[in-house]
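Residue 290 in full-length UniProt numbering is what sits at position 290 of the sequence shown, and the numbering runs on without skipping anything. Beta carbons: idealized from backbone N, C-alpha and C, even for Gly. Notes follow the structure.
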Amino acid sequence: MSLSTGIGSFPGDDDRAYAEAVRVVLGELPDLPHVPELPGRGAIATMTGRALAVVDGVTADLQPAGWRLTDTSGIDHRRARSLLAQDLDQVEEQAQEHRGAFKTQVAGPWTLAATVEKPRGDKVLSDHGARRELAQALAEGVRGHVADLRRRLPGVDRLVVQVDEPALAAVLDGKVPTASGFGRHRTVDLPEASAALEWVLAAITESGAEPWVHSCAPRSRWSLVRGAGAVGLSADLAVLDAGDLDAFAAAVEDGGTIALGLVPTSEADLTDAVLVERVLRWLDMLGLDPAEVGERLVVTPTCGLAGASAVWARRALELSREAALRLG
């Protein structure tokens, strides 16, 4: 049987909306629910803010230009950590009876390096030592995050940690703008790019969880991602091209998981049958038998569900579940 889950983000801008998001996720995605993320609550709840709440031994503050590393935690960094703990309290309360699998998400080392500034400005990406330190701090923070979730959710026997790397392609292609906006940061060598991912993915594996990597950007170097230790690959089906097929097919053949973003974030007149047909055509290109893929195939909405209406967000999860059931 195929499974269904969400990418992570969900609409809403307050604590009441978060509690409702947890309830919806647990109800619509019983086989693989996830920790919802509501970036509509501000910078402390965005992908970067959430990851900085997880990192260990690194402090930051929110500046007009965005998040910046600092000598001591600023008030916004402390608020980000408090909000994450508060959200996990809500997940713990509602998911006490949940058994089986569960998923959480965290921004990856290269997306953090491309979005967080050094103490004196410009992105962490511009400094070899700084990006190494941030990646290692993230790896250590993830260990603690996994331990915390295991304590809170004792009935979970399969914990997935999805590492979000939407900026990986831009980092490797030299497309991340400098602080002035007039230049671009140098490309990162593939061995260094792989090493930073390896630290984070290894920390997840060593903590007894399952490492996935998600990206909604084209040219995300899925072979590199697999080589770094990802056992799950997650992407919007629409951004995958012929060059990605080998990595996704190999992931399945090696016993890993592929998660395909199918349901759009904007309202559309779709049925689960239409979605299933798209998946079957794609699997046929890979030479994979749907019946043999089974639970290694996961159906998800596409990226950006935070921008949808609450009604459509629920429907998107429902369609994902219905498509997964039909594929099964």
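Quick check: the Cα distance between residue i and residue j, rounded to an integer number of angstroms?
i: Arg-78; j: Val-55; result: 12 Å
i: Leu-245; j: Glu-322; result: 25 Å
i: Cys-303; j: Gly-129; result: 31 Å
i: Leu-153; j: Arg-143; result: 15 Å
i: Thr-187; j: Gly-287; result: 34 Å
i: Ala-249; j: Glu-37; result: 30 Å
i: Leu-270; j: Asp-157; result: 34 Å
i: Arg-131; j: Gly-328; result: 42 Å
i: Thr-115; j: Ser-82; result: 21 Å
i: Val-252; j: Pro-119; result: 42 Å
i: Trp-67; j: Asp-289; result: 45 Å
i: Leu-149; j: Ser-266; result: 32 Å
The beta strand (DSSP E) with residue i in it runs from where to where?
i: Gln-96; result: Run containing Gln-96: none; DSSP gives neither H nor E here.
i: Asp-157; result: 156 to 164
i: Pro-211; result: 210 to 214
Could you give the residue range of the alpha helix (DSSP H) that holds residue i?
i: Thr-300; result: No alpha helix (DSSP H) contains Thr-300, which is instead part of the beta strand (DSSP E) from 297 to 301.
i: Ser-266; result: Careful: Ser-266 lies outside any alpha helix (DSSP H) and carries neither H nor E.
i: Phe-248; result: 245 to 253
Within a Cβ cutoff of 7 Å, which residues of the same chain sit near residue i, ignoring the five residues on either side of it in sequence?
i: Trp-110; result: Glu-165, Ala-167, Leu-168, Val-171, Ala-193 and Ala-196
i: Leu-125; result: Ala-113, Ala-114, Arg-131, Val-171, Val-176 and His-185
i: Ala-17; result: Leu-38
Quick one: residues in its chain with C-beta nearer than 8 Å to the C-beta of residue i, no 5 flanking neighbours on either side, listed in chain order?
i: Leu-84; result: Arg-50, Ala-53 and Val-54
i: Pro-177; result: Gly-183, Arg-184 and His-185
Spatial neighbours of residue i within its chain, please: C-beta separation below 6 Å, excluding the five flanking residues on both sides.
i: Val-35; result: Val-91 and Thr-104
i: Thr-220; result: Before going further, note that residue 220 is Ser rather than Thr in the sequence given. Taken in chain order, the residues that qualify are Leu-168 and Ala-169.
i: Asp-122; result: Ala-179
Strictly by DSSP, which residues pair up with residue i?
i: Lys-123; result: Glu-117
i: Asp-236; result: Gly-261
i: Arg-152; result: Arg-152 is not bridged to any residue.
i: Pro-11; result: Bridge partners of Pro-11: none, in fact.
i: Arg-184; result: Pro-177
Which runs of the alpha helix (DSSP H) fall wholly inside the segment 46 to 115 and span at least 4 residues, in chain order?
47 to 54, 75 to 94 and 109 to 115
Mind pulling the beta strand (DSSP E) runs of 3 or more residues that sit fully within the segment 270 to 325?
297 to 301
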